[in-house]
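This report concerns only the one structure given below.
There are 2 protein chains.
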Amino acid sequence: MTGTLTIAGIGPGDEAMVTPEVSAALAAATDILGYAPYVERVRPRTGAALHPSDNRMELQRAGEALRLASEGHHVVVVSSGDPGVFAMASAVFEALEDSPEWQALPIRVLPGVTAMLAAAARVGAPLGHDFCAINLSDNLKPWPTIEKRLRLAVEADFAIAMYNPRSASRPEGFARALKVLSEAGCDERIVIFARALTTPEEKIETVMLREARPEMADMRTLVIVGNSATRRVGDWVYAPRHVR
Amino acid sequence: MTGTLTIAGIGPGDEAMVTPEVSAALAAATDILGYAPYVERVRPRTGAALHPSDNRMELQRAGEALRLASEGHHVVVVSSGDPGVFAMASAVFEALEDSPEWQALPIRVLPGVTAMLAAAARVGAPLGHDFCAINLSDNLKPWPTIEKRLRLAVEADFAIAMYNPRSASRPEGFARALKVLSEAGCDERIVIFARALTTPEEKIETVMLREARPEMADMRTLVIVGNSATRRVGDWVYAPRHVR
Chain W
-14 MTGTLTIAGI GPGDEAMVTP EVSAALAAAT DILGYAPYVE RVRPRTGAAL
36 HPSDNRMELQ RAGEALRLAS EGHHVVVVSS GDPGVFAMAS AVFEALEDSP
86 EWQALPIRVL PGVTAMLAAA ARVGAPLGHD FCAINLSDNL KPWPTIEKRL
136 RLAVEADFAI AMYNPRSASR PEGFARALKV LSEAGCDERI VIFARALTTP
186 EEKIETVMLR EARPEMADMR TLVIVGNSAT RRVGDWVYAP RHVR
Chain D
-14 MTGTLTIAGI GPGDEAMVTP EVSAALAAAT DILGYAPYVE RVRPRTGAAL
36 HPSDNRMELQ RAGEALRLAS EGHHVVVVSS GDPGVFAMAS AVFEALEDSP
86 EWQALPIRVL PGVTAMLAAA ARVGAPLGHD FCAINLSDNL KPWPTIEKRL
136 RLAVEADFAI AMYNPRSASR PEGFARALKV LSEAGCDERI VIFARALTTP
186 EEKIETVMLR EARPEMADMR TLVIVGNSAT RRVGDWVYAP RHVR
């Protein structure tokens, strides 16, 4: 086995946020796999064979990547943002668990700038104090688990980064999440909607939770709910470092 | 006012993880401020005047950076990892709140690869499911708040990234954190100690929580506690995407 598998984070969108080690991996790849829009993003960086696939195909894609690497290819699986945050790395290790014959393959995970860090940077520092990250998709976990985690996150007074808040196939969940947060006493918290971050279509809105509407989010939006101390200074939003 | 202030994340240590936009900002700076070891790291990248300072000097450093920018300098404040995660961005906005005369200054925050993402990538994908990040330093918040957040994080079944677990001036806190987690039923959880990530001194240990000792962490260590489903596959550790 002389192939390799690299799981690489290509950041939120702006090429200036792709790390040099990820750029080097893309340039050296023989095969690149990933959700089609992410594969399209890296096309100019590589002469590799491109294997785009649909979303929700994560496990099949991971298995295909392992198979190609086992046949001697130098495979890169691309994820938007960071591959370890609600992205392809877990899917690859899940596939590896099902296929012990591939566990000796040389695998590397290359981190990237995940969406919540890029969103936070655009508005100030809303993740400057303790925070959590919750995937709102209920494809892979029951909705009551999501609600419970939101309530506990409020009780802990974490800022809350919400990934995958809303999609065409799951239009209802985000409205329920906003309701849970409102019932937990968050109406006066600052909420940031960051869509298509660092791309030409970027749109960022900052509102109070009581003003937030489900339609403000779609599948390209990252939502951050501030903690109880998160405040504005000028055009910026930040979480104070102190708890008094 | 023609000066600028950029708050830049220089990643965990490896130069191959510094984003191109941060490299460009460092190359264009007239003045670079930061904790001395981080300023030393960027010395080869810049001809700027270097202003190293001690840790715990964050607010003074932020004020100095704003003052230099207000006088026309192109100032970069460097943080290890990401500047928005327990780092300089919040301190700058705190200083800005105290000095409204500087609120019109052009400020940019440039994200970076924060330590928990680099640590996760080294061992697999322990942050592949919902997680939280807690700063264990009690310089800026009371210890009971930290304990409460740890307990709620366990109840939510988040993986837990712990920043600044232990320092010479705070040798006791991390032992207390491990005790809280043990009492909360986490003895059989996987814990990752990632020290001096991506540097030549990197050392990574993965143990069960019941085997974890306070001395395994110091001020250069990032600790990740897995969630209840986090598992090993071969040499890797990952959080399954599903909750069943």
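Line by line, the protein sequences give chains W and D.
Just so it is clear: in the first sequence, position 72 is 57 by our numbering, and no numbers are missing.
Just so it is clear: in the second sequence, position 132 is 117 by our numbering, and no numbers are missing.
For each residue, glycine too, the CB sits at the ideal point set by N, CA and C.
Computed from a prediction, not measured in an experiment: that's the story for all the values here.
- Alpha carbon to alpha carbon, how far is W/Lys126 from W/Ile(-5)? Give it in angstroms, no decimals. 26 Å
(Q) Per the DSSP calculation, D/Lys188 is bridged to which residue(s)? (A) D/Arg180
Using a C-beta cutoff of 7 Å, does D/Trp128 count as contacting chain W? no
Does D/Phe116 come out as helix, strand or coil in the three-state DSSP assignment?
Judged by DSSP in its simplified three-state form, D/Phe116 adopts strand.
- Query: Between D/Arg28 and D/Arg195, what straight-line distance do the alpha-carbon atoms span, to the nearest angstrom?
  - Reply: 42 Å
| said: Between which two residues does the alpha helix (DSSP H) holding W/Ile(-5) run? | reply: Where W/Ile(-5) is concerned, there is no enclosing alpha helix (DSSP H), given that its DSSP letter is neither H nor E.
* Taking all protein chains shown into account, decide if D/His114 is buried (16 or more other Cβ within 10 angstroms of its Cβ) or exposed. => buried
**Asked** At a Cβ threshold of 7 Å, is W/Tyr148 touching chain D?
**Response** no
Within-7 Å CB hit, W/Cys171 to chain D: Taking Cβ atoms only, chain D never reaches closer than 7 Å to W/Cys171, which makes this a no.
Spatial distance of W/Arg180 from D/Arg198 (CA atoms): 43 Å
Q.
Which residue wins for smallest C-alpha separation from D/Phe231, given the options D/Arg151, D/Glu157, D/Ser167?
A. Not covered by the structure: residue 231 of chain D. The range shown for chain D is -14 to 229.
- Run down chain W in chain order and give the residues with a C-beta less than 8 Å from the C-beta of D/Asp115. Neighbourhood of D/Asp115 in chain W, by CB distance below 8 Å: Cys117, Ala118, Ile119, Asn120, Arg134, in chain order.
Query raised in the report: Hey, does W/Glu2 have any beta-carbon neighbour from chain D nearer than 7 Å?
Result: A quick correction: the sequence has Met, not Glu, at residue 2 of chain W. Interface residue, yes.
Since D/Pro5 meets chain W, which of its residues come closer than 8 Å, beta carbon to beta carbon?
Glu0, Ala1, Met2, Val3, Pro5
Is the beta carbon of W/Lys133 within less than 6 Å of some heavy atom of the ligand MN?
This structure lacks the ligand MN; in fact it carries no ligand of any kind.
Can you tell me whether W/Ser84 is helix, strand or coil according to DSSP? In the three-state reduction of the DSSP assignment, W/Ser84 falls in the coil class, being assigned neither a helical nor a strand state.
### Message
Since W/Gln88 and D/Val222 should fall inside the 8 Å C-beta cutoff, what is the C-beta to C-beta distance between them, to a whole number of angstroms?
### Response
That pair is no contact at about 13 Å.
Nearest candidate by alpha-carbon position, reference W/Phe78, set W/Asp220, W/Ile175, W/Pro225, W/Ile(-8) = W/Ile(-8)
* Asked: If we cut at 7 Å on Cβ distances, does W/Leu(-10) have a partner in chain D?
  -> no
(message) Against chain D, does W/Val139 count as a neighbour if the rule is that its beta carbon must be under 7 Å from one of theirs?
(response) no
Q. Could you check where the alpha helix (DSSP H) with D/Val139 kicks off and where it finishes?
A. 128 to 140
Every unbroken alpha helix (DSSP H) inside the region 25 to 98 of chain D [4 residues or more]
43 to 55, 73 to 83
Inset, instruction - Put W/Arg155 into one of helix, strand or coil per three-state DSSP. - result: strand
Out of D/Arg155, D/Leu102, D/Leu166, state which residue places its alpha-carbon closest to the alpha-carbon of D/Leu182.
-> D/Leu102
Which same chain residues end up closer than 8 Å to D/Asp67 when comparing Cβ atoms and leaving out the 5 residues on each side of it in sequence? If we look at D/Asp67 and ignore the five residues flanking it on each side, its Cβ neighbours are Gly(-6), Pro96, Gly97, Val98, Thr99.
If I measure Cβ to Cβ from W/Ala50 and keep anything under 7 Å in the same chain, skipping five residues before and after, which residues do I get? Leu(-10), Leu18, Val60, Val62, Val77
So is W/Pro91 in contact with chain D if we call contact Cβ pairs under 7 Å?
no
Tell me the residue span of the alpha helix (DSSP H) that contains W/Met101. 100 to 108
- Can you list the residues of chain D that W/Thr99 reaches, using a CB-CB cut of under 8 Å? Leu102, listed in chain order.
The region 7 to 18 of chain W contacting the region 29 to 41 of chain W, beta-carbon criterion three pairs below 8 Å: yes
- Spatial neighbours of W/Ala74 in its chain, beta-carbon cut-off 7 Å, leaving aside the 5 residues before and after: Ile(-8), Pro68, Val94
(Q) Restricting to Cα atoms, I'd like to know which of D/Thr31, D/Pro129, D/Glu6, D/Ala14 is closest to W/Glu0. (A) D/Glu6
Q. Apart from the five residues just before and just after D/Val192, which ones in its own chain have a Cβ nearer than 8 Å to its Cβ?
A. Ile175, Val176, Phe178, Met201
**Q.** beta strand (DSSP E) segment containing D/Val7, residue limits
**A.** Per DSSP, D/Val7 belongs to no beta strand (DSSP E); it is in the alpha helix (DSSP H), 5 to 13.
If the cut-off is 7 Å on Cβ atoms, which residues from the region 198 to 228 of chain W count as contacting chain D, listed in chain order? Of all residues in the region 198 to 228 of chain W, Val218, Gly219, Trp221, Tyr223, Ala224, Pro225, Arg226, His227, Val228 have a Cβ within less than 7 Å of some Cβ in chain D.
*Answer with yes or no whether the minimum CB distance from D/Ala74 to chain W is below 7 Å.*
yes
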